[in-house]
Every structure is written in structure tokens, then in C-alpha cells.
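Following: one structure in C-alpha cells, then a few remarks.
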Amino acid sequence: MPENSIQKLEQLKKGQVILIDKDLHWTSFDVVNKIRYAILKKFRLKKFKVGHAGTLDPLATGLLLVCVGKSTKTISTYQGLDKEYTGTFHLGATTPSYDLETAVDAHFPVEHITEKMIKETARKFIGRQQQLPPLFSAVKKDGKKLYEHARKGEKVDVKPRDITIKEFEILSVNLPEVAFRVKVSKGTYIRSLAYDFGKALQTGAYLSSLRRTKIGDFDVKDAITIDEWIDRFKNEKI
Numbered sequence: 031m032p033e034n035s036i037q038k039l040e041q042l043k044k045g046q047v048i049l050i051d052k053d054l055h056w057t058s059f060d061v062v063n064k065i066r067y068a069i070l071k072k073f074r075l076k077k078f079k080v081g082h083a084g085t086l087d088p089l090a091t092g093l094l095l096v097c098v099g100k101s102t103k104t105i106s107t108y109q110g111l112d113k114e115y116t117g118t119f120h121l122g123a124t125t126p127s128y129d130l131e132t133a134v135d136a137h138f139p140v141e142h143i144t145e146k147m148i149k150e151t152a153r154k155f156i157g158r159q160q161q162l163p164p165l166f167s168a169v170k171k172d173g174k175k176l177y178e179h180a181r182k183g184e185k186v187d188v189k190p191r192d193i194t195i196k197e198f199e200i201l202s203v204n205l206p207e208v209a210f211r212v213k214v215s216k217g218t219y220i221r222s223l224a225y226d227f228g229k230a231l232q233t234g235a236y237l238s239s240l241r242r243t244k245i246g247d248f249d250v251k252d253a254i255t256i257d258e259w260i261d262r263f264k265n266e267k268i
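Positions in the sequence shown are counted from 1; adding 30 to them yields the numbering used here.
Right, here's the structure in full:
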């Protein structure tokens, strides 16, 4: 192996945190597997440690921290950082998954809702509270992920989680769509926030779009797409 390739491999082994701007429909594991495969192929390895520090749903875009080499040992630290998101809620309807993964299952009136009411309701959500995770989620119950129970139509008793919503800003209101920015603690589901927000407004709501913009001090402005990373990696520009 050429000297510069050896040096590059040693750098990766020592650890790096790669900031990826995840595309729509990609899973977090798709991104991890793509980066791992590129490293294995380039250096003709059989294994190499790669992991992500916080799942993004396929229907969400934005910041994904991918840790390689010894940085995988610090994943739990990054997972514990606050996260910031922007997105939109669709008012007047609900879905079983609380987002667009599943079809609308009920409709509700929105005629009584005003912009003032929406902003006042958002302020009431700020602070420590308990939140139920969505039934269509990877949270485990009885050794199986909740979405495995949900897809079989099985009813399960889900325990609420302690979370903190630190900032909740309404960016625009164009009913039935409401654009928002939110900063939350570890373990917060924005899909559940959408559902709870709808209930608080005496209507229904689901998450119609989501983008993660920050994890701690890491910012999506400093991230690149997986295709850009692969291209740079192949040309040894990183």
C-alpha cells in the first residue's frame, strides 16, 4: 500500500466524525453502509468500524454524524447532545405513524384555529415533560421494535419518556401547514410532538416534513451529501 494511503488509513483508524447532510428516503444505516463500503474497498479491508450518532427517519433530511475508527467509542456522547430541527406540521388530519410513512386515517376541523392560537400553544410545550414515542418507531418492547408490533396490529403498552423542549418557534402559518423550528433534548420524537400539538389545538396533526439542522455545536451548514463525500474520498481530498 502506498505511503500516503497508509497515512490516510491511520488517520481514519484514529477516528473522525463525518458530517453528512442526509438525503430524503435514505436510512441512516444506508449512509453508514455506503461509507463503510467505500473504506473497505479503498484499503482492501475485511472490516472497519463505522456508526452513526442518532437515527434520522427516511422521510427526514439533514445532519447525520457518522463516526469512523476510534470515534465510534464516543457515539453515546454525541447521542446525548441537544438537537435542532425545522419542518412542517399538517393540521386537520392524523396518520398511524404520525408522519407520511402511513396514510391518513382520520380528518379533523381546523376552522377554529388562528395563528395566535398556534403560537400560544407552541409556547406551552416549552419545558420538561413526558412524551409517548410513536408506535411506528424503533423503541423496543418485549424484545421487538414498536413498529414490528404496529405492523402486525398488536396493541402494546408504551411508557412515556422524560424529554425537554428547549425552544419551539413557529416560523409561518399557511393552514393546513405550519412551519416550525424546535430545539429538543435526547429521546424527543418530533413526530410525537406533531401529534400532541394537534391534540392541544383540538384537531389532528402529522409531521409533513423534517430537517435536522444541528446536533450540539455541529451544524448542517458544515455537512456534505453522501455522494459528495464518496467523490472526495475516492479522490483523496478529505
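Just so you know, even glycine gets a beta-carbon here, dropped at the ideal spot from N, CA and C.
No experiment lies behind these values; they were computed from the predicted model shown.
Practice task
Identify whether R241 lies in helix, strand or coil by the three-state DSSP scheme.
Solution key: For the purposes of this step, residue 241 is identified with residue 211 of the sequence shown, where counting begins at 1. Correct three-state label for R241: strand.
Handout entry: Residue environment, S127, which counts as buried when at least 16 other CB atoms sit within 10 Å
Key = As a working mapping, residue 127 is identified with position 97 in the sequence shown. Per the 10 Å Cβ criterion, buried.
Problem - C-alpha distance - L39 paired with G45, whole-angstrom precision - result: Within the sequence shown, numbered from 1, the residue matching residue 39 stands at position 9. Within the sequence shown, numbered from 1, the residue matching residue 45 stands at position 15. The straight-line gap separating the alpha-carbon atoms of L39 and G45 is approximately 10 Å.
Practice task
Give the C-beta separation of L223 and V212 to the nearest angstrom, bearing in mind that I take them to be a contact with Cβ-Cβ under 8 Å.
Solution key: Residue numbering aside, residue 223 sits at position 193 when the sequence shown is read from its first letter. Residue numbering aside, residue 212 sits at position 182 when the sequence shown is read from its first letter. Right, their Cβ atoms sit about 7 Å apart.
Exercise for the section: Give every residue of the same chain whose Cβ lies closer than 7 Å to the Cβ of R66, excluding the five residues on either side of it in the sequence, and list them in chain order. Expected result: Residue 66 sits at position 36 when you count from the first residue of the sequence shown. The residues F78 and V80, in chain order, have a CB closer than 7 Å to that of R66 in the same chain once the five nearest residues on each side in sequence are set aside.
Problem - Proximal residues to P164 (C-beta, below 7 Å), its chain only, five neighbours per side dropped - result: On the sequence shown, residue 164 is found 134 positions in, with the first residue counted as 1. S127, Y128, Y219, R221 and S222.
Exercise for the section: Please determine if the stretch 247 to 261 and the stretch 46 to 57 are in contact, where contact requires at least 3 C-beta pairs separated by less than 8 Å. Expected result: Yes, since at least three Cβ pairs between the stretch 247 to 261 and the stretch 46 to 57 fall closer than 8 Å, the two stretches touch.
Exercise for the section: With a 10 Å radius around its C-beta and 16 neighbouring C-beta atoms as the bar for buried, classify T107 as buried or exposed. Expected result: Against the sequence shown, residue 107 aligns to sequence position 77. Under this definition T107 is an exposed residue.
Practice task
Can you have a look at Q331 and say buried or exposed, based on whether 16 or more other CB atoms are within 10 angstroms of its CB?
Solution key: This structure cannot speak to residue 331, because the chain is shown only from 31 to 268.
Problem - As assigned by DSSP and simplified to three states, the class of Y236 - result: On the sequence shown, position 206 is the one that residue 236 refers to. If DSSP states are grouped into helix, strand and coil, Y236 belongs with the strands.
Exercise for the section: Can you tell me the Cβ-Cβ gap for G234 and F138, rounded? I've got them flagged as a contact below 8 Å. Expected result: The residue labelled residue 234 in the question sits at position 204 within the sequence shown. The residue labelled residue 138 in the question sits at position 108 within the sequence shown. With 8 Å as the limit, G234 and F138 qualify as a contact, their Cβ atoms being about 4 Å apart.
Handout entry: Secondary structure of G99, DSSP reduced to three states
Key = For this step, residue 99 is matched to residue 69 along the sequence shown. Looking at G99 - three-state DSSP - the assignment turns out to be helix.
Exercise for the section: Please report the residue range of the alpha helix (DSSP H) in which E197 lies. Expected result: As a first step, residue 197 must be located in the sequence shown, where it is residue number 167. Per DSSP, E197 belongs to no alpha helix (DSSP H); it is in the beta strand (DSSP E), R191 to N204.
Problem - Endpoints, beta strand (DSSP E) assigned at R211 - result: For the purposes of this step, residue 211 is taken as the residue at position 181 of the sequence shown. E207 to V214 is the extent of the beta strand (DSSP E) around R211.
Exercise for the section: Kindly indicate which residue of Y225, I245, F248 and K251 has the alpha-carbon position closest to the one of L121. Expected result: Against the sequence shown, residue 121 aligns to sequence position 91. Of the listed residues, the one whose Cα sits closest to L121 is Y225.
Problem - Whole-angstrom distance between T144 and L130, CA atom to CA atom - result: Sequence index remark: in the sequence shown, residue 130 carries index 100 (1-based). Sequence index remark: in the sequence shown, residue 144 carries index 114 (1-based). Approximately 24 Å, taken between the alpha carbons.
Problem - Residues near L111 in its chain [Cβ-Cβ closer than 6 Å; skip 5 each side] - result: Position 81 of the sequence shown, counted from the first residue, corresponds to residue 111. The residues are I245 and G246.
Exercise for the section: Provide the residue span of the beta strand (DSSP E) that contains D51, from first to last. Expected result: On the sequence shown, position 21 is the one that residue 51 refers to. Q46 to K52 is the span of the beta strand (DSSP E), which, as asked, contains D51.
Problem - Inter-residue Cα distance where the pair is K146 and L237 - result: Within the sequence shown, residue 146 is the residue found at index 116, counting from 1. Within the sequence shown, residue 237 is the residue found at index 207, counting from 1. Whole-angstrom Cα-Cα distance: 20 Å.
Handout entry: S35 versus C97: straight-line alpha-carbon distance, rounded
Key = The residue given as residue 35 occupies position 5 in the sequence shown. The residue given as residue 97 occupies position 67 in the sequence shown. Taking the straight line from one Cα to the other gives about 20 Å.
Problem - Beta-carbon proximity check, T57 vs R241, cutoff 8 Å - result: On the sequence shown, position 27 is the one that residue 57 refers to. On the sequence shown, position 211 is the one that residue 241 refers to. The answer is no: Cβ separation not under 8 Å.
Practice task
Count the other C-beta atoms from every protein chain shown that fall within 10 angstroms of the C-beta of G157, then say buried if there are 16 or more, exposed otherwise.
Solution key: Indexing the sequence shown from 1 puts residue 157 at position 127. Its Cβ having fewer than 16 others within 10 Å, G157 is exposed.
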